[in-house]
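Student: FYI, in numbering that gives the first Met the number 0 the residues of the sequence shown are 0 to 222.
Beta carbons: idealized from backbone N, C-alpha and C, even for Gly.
After the structure tokens below, expect a handful of questions from me.
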Amino acid sequence: MIELHRVSKVYSVGPVKVPALSEVSFGIARGEFVVLTGPSGAGKTTLLRLLYREDLPTEGELEVLGYPVTTLRRSKVAALRRSIGVVFQDAKLLPGRTVYENIAFVLRVLGTPRREVTARAFDALRAVGLSARAQAYPAQLSQGEAQRAALARAIVRKPALLLADEPTGNLDDTMATDIIEVVKDIWAGGTTVVLATHQAQLAAALRRRMLVLDAGRLVKDEG
Ligand SMILES: Nc1ncnc2c1ncn2[C@@H]1O[C@H](COP(=O)(O)OP(=O)(O)O)[C@@H](O)[C@H]1O
Ligand SMILES: [Mg+2]
Numbered sequence: 000m001i002e003l004h005r006v007s008k009v010y011s012v013g014p015v016k017v018p019a020l021s022e023v024s025f026g027i028a029r030g031e032f033v034v035l036t037g038p039s040g041a042g043k044t045t046l047l048r049l050l051y052r053e054d055l056p057t058e059g060e061l062e063v064l065g066y067p068v069t070t071l072r073r074s075k076v077a078a079l080r081r082s083i084g085v086v087f088q089d090a091k092l093l094p095g096r097t098v099y100e101n102i103a104f105v106l107r108v109l110g111t112p113r114r115e116v117t118a119r120a121f122d123a124l125r126a127v128g129l130s131a132r133a134q135a136y137p138a139q140l141s142q143g144e145a146q147r148a149a150l151a152r153a154i155v156r157k158p159a160l161l162l163a164d165e166p167t168g169n170l171d172d173t174m175a176t177d178i179i180e181v182v183k184d185i186w187a188g189g190t191t192v193v194l195a196t197h198q199a200q201l202a203a204a205l206r207r208r209m210l211v212l213d214a215g216r217l218v219k220d221e222g
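This is the structure we're talking about:
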């Protein structure tokens, strides 16, 4: 599902070179739940961005869902991204639209027939336990609910892969536990998950395979 071969990423900030990833290699099989951890600045976000082809590596090769990411043509990039759901620390909902509309929007962009849009949007809302809030606006949601909505939006296209970048970063412990449970449910439904968190305790509590980055290097792969 995912293969990285000696992937490095160096950011150029003017004349300054900032190494973010150094010769990272690993594989992730379909159906795995992998926790990507390590301190702030270790390269977690950079790595996720390479997986959904938001950015390209400076060196090395990676394959995601059978796509050779570094040599993909534009049309295939769109296909790759459609197969990946992404959530961030911030839910990034459209403030002027209801929860339902935020999710339905993703399907409409794909030209999904109207009847199917409603059914699938509600399926996604049900999967994250947010059906009752479908008509609420983002400003009316708790941060935990907003993050559930973001997860519903990420899975409504039924992606093979879910990438979550610090999804609990804005949440208190109770809401964080909640969101983790939702992510686990999504995984149990057959979606491969890569969850990045700098919170070592949370990472350990998940009891899943853990990839540990430190200063851009993969220093541990265990579990
Ligand atoms: N767009 C960017 N331009 C320059 N440097 C960046 C950029 N994004 C990240 N970095 C640097 O790359 C390193 C890894 O950052 P990041 O992937 O965000 O780590 P993490 O998500 O683990 O906190 C850090 O040194 C960071 O400052
Ligand atoms: Mg990050």
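What residues in its chain sit with their C-beta under 8 angstroms from that of Leu55, if we drop five residues either side in the sequence?
Tutor: Cβ within range, chain order: Leu49, Val68 and Thr69.
Student: Going by beta carbon distance, what residues of the same chain come within less than 6 angstroms of Thr190, once the five residues before and after it are set aside?
Tutor: Leu161.
Student: Using a Cβ-Cβ cutoff of less than 6 angstroms, which residues in the same chain neighbour Glu58 once the five nearest sequence positions on both sides are dropped?
Tutor: So the qualifying residues of the chain are Ser7.
Student: Should Thr44 be listed as close to ligand 2, given that the test is whether its C-beta is under 7 angstroms from any heavy atom?
Tutor: Yes, since a heavy atom of ligand 2 falls inside the 7 angstroms radius drawn around the Cβ of Thr44.
Student: Sorted by chain position, which residues of the same chain lie with C-beta nearer than 6 angstroms to Ser82's C-beta, five sequence neighbours on each side aside?
Tutor: Once the five neighbours on either side are set aside, the close Cβ partners of Ser82 are Leu64, Pro158 and Ala159.
Student: Taking the DSSP output, what are the residues bridged to Tyr10?
Tutor: Paired residue(s): Val17.
Student: How do the region 143-154 and the region 18-37 stand: do at least 3 beta-carbon pairs fall below 8 angstroms, yes or no?
Tutor: No contact exists between the region 143-154 and the region 18-37.
Student: For Thr176, tell me which candidate among Ser24, Ala195, Ala149 and Ala204 has the shortest Cα-Cα distance.
Tutor: Per the Cα distances, Ala204.
Student: Only counting the same chain, and skipping five residues up and downstream in sequence, which positions put a Cβ closer than 7 angstroms to that of Val224?
Tutor: Given a span of 0 to 222 for the chain in the structure shown, any question on residue 224 remains unanswerable.
Student: Smallest Cα separation from Gly26: which of Val193, Ala77 and Arg152?
Tutor: Minimum Cα distance to Gly26 is reached at Val193.
Student: Give me the Cα-Cα distance between Glu53 and Leu47, rounded to the nearest whole angstrom.
Tutor: Each residue's Cα considered, the two are about 9 angstroms apart.
Student: Does DSSP classify Leu55 as helix, strand or coil?
Tutor: Looking at Leu55 - three-state DSSP - the assignment turns out to be coil, as it is neither helix nor strand.
Student: Should Pro94 go down as buried or exposed, given a rule of 16 or more other Cβ atoms within 10 Å for buried?
Tutor: Under this definition Pro94 is an exposed residue.
Student: Within 10 angstroms of its Cβ, does Val12 collect 16 or more other Cβ (buried), or is it exposed?
Tutor: So Val12 ends up on the exposed side.
Student: Where does Gly227 sit, in a helix, a strand or coil, going by DSSP?
Tutor: With the chain running from 0 to 222 in the structure shown, residue 227 is simply not present.
Student: Where does Ala148 sit, in a helix, a strand or coil, going by DSSP?
Tutor: Looking at Ala148 - three-state DSSP - the assignment turns out to be helix.
Student: Could you please give the first and the last residue of the uninterrupted alpha helix (DSSP H) stretch that includes Lys183?
Tutor: Looking at the DSSP string, the run of the alpha helix (DSSP H) that includes Lys183 is Asp172 to Ala187.
Student: For Asn169, I'd like the list of residues in its chain whose CB is within less than 6 angstroms of its CB, leaving aside the five on either flank, ordered along the chain.
Tutor: Excluding sequence neighbours, Asn169 sits near Gln88 and Gln142.
Student: Would you call Ser21 buried or exposed, if buried means 16 or more other Cβ atoms sit within 10 Å of its Cβ?
Tutor: Ser21 comes out buried.
Student: What do you reckon, is the C-beta of Gly40 under 7 angstroms from a heavy atom of ligand 1?
Tutor: Yes, Cβ of Gly40 sits closer than 7 angstroms to a heavy atom of ligand 1.
Student: Taking the Cβ atom as the reference point for each residue, do Ala133 and Ile154 lie within a distance shorter than 8 angstroms?
Tutor: Not a contact, by the Cβ cut-off of 8 angstroms.
Student: For Val98, which residues of its own chain have a beta-carbon under 6 angstroms away from its beta-carbon, when the five flanking residues on both sides are left out?
Tutor: Cβ within range, chain order: Arg132, Ala133, Ala135 and Ala148.
Student: The beta strand (DSSP E) spanning Leu106 covers which residue range?
Tutor: Not the beta strand (DSSP E): Leu106 falls in the alpha helix (DSSP H), residues Val98 to Val108.
Student: Roughly how many angstroms lie between the CA atoms of Val211 and Thr167, to the nearest whole one?
Tutor: Between Val211 and Thr167, the C-alpha separation is close to 18 angstroms.
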